[in-house]
Each structure stands twice: as C-alpha cells, then as structure tokens.
C-alpha cells in the first residue's frame with residue numbers, strides 16, 4: 145500500500161520534493177531562481193522588470209531577451225512553458 149509514494153519519497157520524510165520527483169526540473173528551477181535573485185533581487189522584482197510592455201504578464205520574447213542580456217544559459221523555452229499558467233480572476 146502506497147508503494148509508488150514510498151518509492152518517490154526516498155528519504156521517507158512524508159513529503160515528495162521536486163528533487164525527488166524530477167531532479168532535472170528541480171535543477172532548472174533552482175538555477176532560474178538563483179539567477180533572478182542575483183540579477184534582480186527577487187522573483188517578484190524580476191518579473192516586474194522583465195515585463196517591458198507593462199501588460200502584467202510575460203511573453204516568451206520578453207523572458208528570452210532578459211535571460212540572454214543578463215547571461216542565464218538555461219533552457220528559457222522550457223522554463224517559460226513550465227511557468228505558463230492561466231490566472232483566473
């Protein structure tokens with residue numbers, strides 16, 4: 145019973161971390177957050193600065209341009225797709 149969850153919860157902590165779930169994705173997200181914190185001070189400030197048209201959301205082009213200009217070499221398309229969510233008011 146619960147074998148799949150026990151398998152994923154490798155350290156038997158009772159929770160499944162992103163690192164346990166998908167290590168490559170965890171590394172990508174950690175790299176992106178570290179980049180945003182270093183370059184902009186926080187994720188919130190980064191998204192405000194990257195949103196060059198002040199639309200309240202980011203386009204792929206805005207994100208790609210900011211990452212290229214500031215030297216983040218991670219997979220911008222993948223991070224954009226992962227963070228592309230529809231906000232319902």
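Residue numbers (the numbering used here): 145 to 233.
Think of the CB as a built atom: it goes at the ideal place given N, C-alpha and C, for glycine as much as any other residue.
Being a predicted model, the structure only gives us computed values, none of them experimental.
Only exposed fits residue 165, as fewer than 16 other CB atoms lie within 10 angstroms of its CB. Remark: three or more beta-carbon pairs, one from each stretch, lie closer than 8 Å, so the region 213 to 227 and the region 171 to 180 are flagged as touching. Of the residues assessed, residue 202 falls on the buried side of the cut-off, its CB having 16 or more other CB atoms within 10 angstroms.
A residue is called buried when at least 16 other Cβ atoms come within 10 angstroms of its Cβ; residue 194 meets this threshold and is buried.
With distances taken between CA atoms, residue 180 lies nearest to 192 out of 228, 222, 192. In the DSSP assignment, residue 201 falls outside any alpha helix (DSSP H), carrying neither H nor E.
When rounded, the separation of the alpha-carbon atoms in residue 185 and residue 210 is 14 Å.
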